[in-house]
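In our numbering, the protein residues as written are 45 to 684. Report on one structure; see the data block that follows.
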């Protein structure tokens, strides 16, 4: 019998003297953790009740609190979120076993409330939340939670992740099902330390997976979703038989497509006259490309994105005429409206597409379940190239995918029976570009200059997001911070923003600046640091303590050119050497040139990957250190 089983028995039997020894043991085993999950267990039981598949899952979780640090108290307030359309939550039992001289004292939660879930960014959903609070959390306490979930839809089978942001001593996942239900599963990640067993009893089969001593997953910003970092199991009901009739459910991408296609089969059969009239007025006399752009931008401008998670409303798009009339909708509704308007305009190759965002690690062939995607877009083929029309981002230009679907697979509905799965491209770094052109001169001890900056691609989209949502004062503060150069003394003059609302144009900024006391005088010589654009600094070093890969919103390229006027009656005495670094996925090049009474400094820096892997951190840091060293170099002038 292992220690976790002993510990659980001692808690329930009230033998605190011995369990104190176990607490000391676990504190020694997990010196950097405040909480240990000593048991996480889910038991799935599938059966047929009244001619319908019923999926019951019994959940059990037991946490041991190793310290009295404040971090443990964030686990006091707990909640269980569910959709009553698809789920029921019953038989909740939650308690804390608090250490005392007479043995552990059981404190049941005082109240379990059911409330409407307050989902940020969701206009309407049917989610409810069960809320409760564990009492008496302290060092040596143990909290336990049990409840049962009933799933009403055979397409919505549960999955299990072997890992969490807390260490787990014992994790167990099982599924039991009768012979008239065919259940399968898919595994993801490293299962070398997970034990699988299969057992049969009468007409039932049970699959069980067990793991022990699972390390905590480091919680770090800019990390991949936990599903990339942990092993997991996804269950499937392939089919079930009732009264000698077999009903197919899910087993491969074809069946998944068939299910999705069934949800939209009768969608937009008869768009209303008002929508037809608008579409005609927007697209008459235009080429297919012009029609696509016009409709796409119209939906971006006039339909407000508001998410819905209301029963099947979270899966089925609304009629295009309804979305057009109400002027709001979620991703599915926008895709419905775009495809319908383009079909009204006689654009032939335009379709609905299901897609998962970058938080989801799966491909359709390896995980053909409802957990493989969470988003819908419109897709059009133009000049034999697929174009992804995601109107949920009203700042994105035609031709660019939104940042959160880069590199993902899209399942395109060609007809009611045909589909195609394609990869969304990752936008190249030279498209997501920032370019700075600056002219500077020395006035006394001050550095003064004018600058012009342009942004393109997803970098432009990101900045437009902030500028479009800021007040004028916030906008001015943001742009001043964006173009502050040299040091914190820099004063940025009024910033002129160009093409903020224009599409398929670079967003541009014109500004002036002054950096007081930036130039140092030594006898007859002047020295200053010309590297005024220091967006890449030592702050960008990857810390040795970081455990996870680093995730970027997009690849990018930055080009800067600084033109320095040689002061009157002065000549150059020192110009730094050029510097560069070329890595597998990143690099930079820095050069200096004296030309026609001016010094011209040019730098290009780029990152070509969405995920900077931990194995690349050492190389990345070499580049950052080299850039930092180069940026510490000065330029010197002396009087003639």
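Even glycine gets a Cβ: it sits at the ideal position worked out from N, Cα and C.
Length of the line joining the Cα atoms of residue 398 and residue 412: 12 Å
Proximity of residue 508 and residue 551 at Cβ, strictly below 8 Å: yes
Three CB pairs or more closer than 8 Å across the region 126 to 137 and the region 225 to 237: no
Spatial distance of residue 573 from residue 496 (CA atoms): 20 Å
Close-in-space but distant-in-sequence residues of the same chain around residue 285 (CB under 7 Å, 5 per side omitted): 224
Inter-residue spacing [alpha-carbon to alpha-carbon] between residue 632 and residue 648: 5 Å
Secondary structure of residue 64, DSSP reduced to three states: helix
Local Cβ density within 10 Å of residue 478, reported as buried at 16 or more and exposed below that: buried
With 16 other Cβ atoms within 10 Å as the buried cut-off, status of residue 645: buried
Status (buried if at least 16 other CB within 10 Å, exposed otherwise) for residue 70: buried
Helix, strand or coil at residue 200 [DSSP, three-state]: coil
Straight-line Cα distance separating residue 603 from residue 500: 12 Å
Same chain, Cβ closer than 6 Å to residue 90, neighbours up to 5 away in sequence not counted: 99, 221 and 225
N- and C-terminal bounds of the alpha helix (DSSP H) containing residue 491: Per DSSP, residue 491 belongs to no alpha helix (DSSP H); it is in the beta strand (DSSP E), 490 to 499.
Simplified DSSP assignment, three categories, for residue 306: helix
Residues that DSSP places opposite residue 477 in a beta bridge: 601
Straight-line Cα distance separating residue 383 from residue 390: 10 Å
Integer Cβ distance of residue 139 from residue 177, believed to fall under 8 Å: Incorrect: roughly 12 Å between the Cβ atoms, too far for contact.
Which of helix, strand or coil DSSP assigns to residue 175: strand
Opposing strand residues paired with residue 124 [DSSP bridges]: 174
Range covered by the alpha helix (DSSP H) that runs through residue 367: 364 to 370
Where residue 524 sits in the DSSP three-state scheme: helix
Closest by C-alpha distance to residue 538, when choosing among 525, 555, 546 and 97: 555
Residue 554 - DSSP class collapsed to helix/strand/coil: strand
Beta strand (DSSP E) runs contained entirely in the region 177 to 261, provided each spans 3 or more residues: 186 to 195, 203 to 205, 212 to 222, 225 to 232, 239 to 245 and 248 to 258
C-alpha gap between residue 589 and residue 274, whole angstroms: 20 Å
Residue range of the unbroken beta strand (DSSP E) whose run includes residue 665: Here residue 665 belongs to no beta strand (DSSP E); instead the alpha helix (DSSP H) covers 661 to 675.
6 Å Cβ shell around residue 271 - same chain, five flanking residues per side excluded: 405
Of the listed residues 563, 529, 463 and 248, nearest to residue 678 (C-alpha basis): 563
Unbroken alpha helix (DSSP H) run spanning residue 377, endpoints: 375 to 388
Beta-carbon proximity check, residue 388 vs residue 315, cutoff 8 Å: yes
Residue 582 and residue 673 closer than 8 Å at C-beta: no
Those runs of the beta strand (DSSP E) which lie wholly inside the region 412 to 447 and span at least 3 residues: 419 to 426 and 429 to 433
Identified DSSP bridge partners for residue 534: Paired residue(s): none; residue 534 is not in a bridge.
Check: residue 532 C-beta below 7 Å from any heavy atom of the ligand FAD: The model depicted lacks the ligand FAD and carries no ligand whatsoever.
Status (buried if at least 16 other CB within 10 Å, exposed otherwise) for residue 269: exposed
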